[in-house]
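Student:
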Amino acid sequence: TRRSSDLHHLKNYCIDRDFDSSFLDGFKSFKKNQPEIIIFTLEEIKSILDTHLTYGNRNGKDCSHLDFTYLTLTTFLAQTGCRPEEAFCLKVKYLDISAGSVQFVDTKTDKNRTNYIFGDLLEKLKDITRGKGPDDFVFINSAERKVNAQVFREDLLRRATLAGVTKRVFPHNFRHSYITHQLEAGVPIQVVADLVGHADI
Numbered sequence: 021t022r023r024s025s026d027l028h029h030l031k032n033y034c035i036d037r038d039f040d041s042s043f044l045d046g047f048k049s050f051k052k053n054q055p056e057i058i059i060f061t062l063e064e065i066k067s068i069l070d071t072h073l074t075y076g077n078r079n080g081k082d083c084s085h086l087d088f089t090y091l092t093l094t095t096f097l098a099q100t101g102c103r104p105e106e107a108f109c110l111k112v113k114y115l116d117i118s119a120g121s122v123q124f125v126d127t128k129t130d131k132n133r134t135n136y137i138f139g140d141l142l143e144k145l146k147d148i149t150r151g152k153g154p155d156d157f158v159f160i161n162s163a164e165r166k167v168n169a170q171v172f173r174e175d176l177l178r179r180a181t182l183a184g185v186t187k188r189v190f191p192h193n194f195r196h197s198y199i200t201h202q203l204e205a206g207v208p209i210q211v212v213a214d215l216v217g218h219a220d221i
């Protein structure tokens, strides 16, 4: 936690300057609470994806395209179960739209993995990547940079609120939901673990 880190910095400061640092002897890290796991129902996901937002101009630039971009990104999270940061950092060269697949590299577990995309999402990804180079990000903001996690979360919260979803909303909820729905559909747990990049089932 932040408090634990601050205390250790203080101890290192004291040691560096030959001050007494014994006040931290025997200190143990603060207890970590597991975050609540929130699952969206399929109906809630559909409601979110059916909800559109209006964007005005920013610095004289038309930002109306952000609704399409953020909805496509949200659909991508829901359909692949990837970590949000994996989607934010995804580059065009790792998408194979003709094969309906996406490769995630430089992942949290340091293992590359492949997942699959289908339906309308394929057409949306084709539109969103048109004219981009292989090293360009798939999802970009109004400044043509990688999507900012906090901005996207705020956007998702607005969208979910308008859709009538009353649960706490985070982009990571789609990962939890994907895993849960796959297991409920009878997909073997090892297959699900491989799809989402969990080292331990």
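The sequence shown begins at 21 in the numbering used here and counts up one residue at a time.
Cβ atoms here follow ideal geometry from the backbone N, Cα and C, with glycine treated the same way.
Predicted model only: the values in this text are computed from it and were never measured.
#1: To the nearest angstrom, how far is the alpha carbon of Glu164 from that of Ile35?
#2: Is the stretch 119–138 touching the stretch 172–179 in the sense that three or more CB pairs, one from each, lie closer than 8 angstroms?
#3: Does the distance from the C-beta atom of Gly101 to that of Tyr198 stay below 9 angstroms?
#4: Locate the beta strand (DSSP E) running through Arg173, then write down its first and last residues.
#5: Could you give the residue range of the beta strand (DSSP E) that holds Phe124?
#6: Can you tell me the Cβ-Cβ gap for Arg103 and Arg195, rounded? I've got them flagged as a contact below 8 angstroms.
#7: Along the chain, where does the beta strand (DSSP E) that runs through Arg133 open and close?
#8: Would DSSP call Phe159 helix, strand or coil?
#9: For Glu178, collect the residues of the same chain with a Cβ closer than 7 angstroms to its Cβ; drop the 5 residues on either side in sequence, then sort them by chain order.
#10: Should the stretch 201–214 be regarded as contacting the stretch 78–93, the criterion being three or more beta carbon pairs within less than 8 angstroms?
#11: With a Cβ-Cβ cutoff of 9 angstroms, do Lys187 and Ile58 count as a contact?
Tutor: If we stick to the structure as given:
#1: Roughly 46 angstroms between the two C-alpha positions.
#2: Touching, no.
#3: Cβ atoms of Gly101 and Tyr198: closer than 9 angstroms.
#4: Element bounds for Arg173: not the beta strand (DSSP E) but the alpha helix (DSSP H), 169–182.
#5: In this chain, the beta strand (DSSP E) harbouring Phe124 covers 121–124.
#6: With 8 angstroms as the limit, Arg103 and Arg195 qualify as a contact, their Cβ atoms being about 6 angstroms apart.
#7: Start and end: 133–136.
#8: In this structure, Phe159 counts as coil in the three-state DSSP scheme.
#9: With the sequence shown as reference, residue 178 is identified as Arg, and Glu is not the correct amino acid for it. Within its own chain, the residues whose Cβ lies closer than 7 angstroms to the Cβ of Arg178, once the five positions on either side in sequence are excluded, are Leu73, listed in chain order.
#10: Too few Cβ pairs lie closer than 8 angstroms, so no.
#11: Lys187 places its beta carbon less than 9 angstroms from that of Ile58.
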